[in-house]
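All the letters of the sequence shown, read from the start, carry residue numbers 2 to 131 under my numbering. Worksheet for the structure shown next.
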Amino acid sequence: MNDQEALDELEETLAELRQENTTVPIIVEGAKDAAALRILEMPGEVIRFNKGQSVSDFCDMVASSHQRIILLTDWDWRGGRLCLSIKKHLENRVGCIVKYREVFAKRCPCRTVEGMPTWLQTLRKKVQGE
Numbered sequence: 002m003n004d005q006e007a008l009d010e011l012e013e014t015l016a017e018l019r020q021e022n023t024t025v026p027i028i029v030e031g032a033k034d035a036a037a038l039r040i041l042e043m044p045g046e047v048i049r050f051n052k053g054q055s056v057s058d059f060c061d062m063v064a065s066s067h068q069r070i071i072l073l074t075d076w077d078w079r080g081g082r083l084c085l086s087i088k089k090h091l092e093n094r095v096g097c098i099v100k101y102r103e104v105f106a107k108r109c110p111c112r113t114v115e116g117m118p119t120w121l122q123t124l125r126k127k128v129q130g131e
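What follows is the structure in C-alpha cells.
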C-alpha cells in the first residue's frame, strides 16, 4: 500500500469514527489521547480511563450509562492489554467496538492515539510532495 492509499484509508476511517462518535463514546487512556481526538475533530463524548480506578470499577461506571462504546487505547503492548481487559469486563453488558483501533494499529507507525495528529499531518505533507 502506498502513502496515498494509506492516507485515504485513514481519512475514511476517521470520518467513520467521527460519525459513530456522535452517538457512541470513545474510551482512551489519558488526557493527551483525549486532546488528540479533539484535534482530529471527534464531536462526541470521550471518556478517559482513570488510572486511580480499577478496571472493574471503571467498567461498572461505563456499563451503568452506555450500551455501546468505542475502545481506542494505544496500540502498544500496554494499550492492547488494557483494551482486552476492558472488553472482558464489559462482556455481555456493553457492546465494544474495536475496529478503529485495529485499522490505526495496522496503518499508523506511531503507537499511540496522541501521536496520530502529527503522523497524519506528516503523511499529508508527504503525499502532497512537500
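Each residue gets a CB set at the ideal place from its N, CA and C atoms; glycine is no exception.
Go through its chain and collect everything with a Cβ distance to C109's Cβ below 8 Å, but skip five positions before and after it.
L11, W76, G116, M117 and W120
I'd like the span of the alpha helix (DSSP H) that includes G81, first residue to last.
W78 to L91
Give me, in chain order, the residues of the same chain whose beta-carbon lies closer than 6 Å to that of E42; leave out the 5 immediate sequence neighbours on both sides.
none
Return helix, strand or coil for C60, following the three-state DSSP convention.
C60: helix per DSSP, three-state reduction.
List the DSSP bridge partners of G116.
In the DSSP output, where bridge partners are listed per residue, G116 has none listed.
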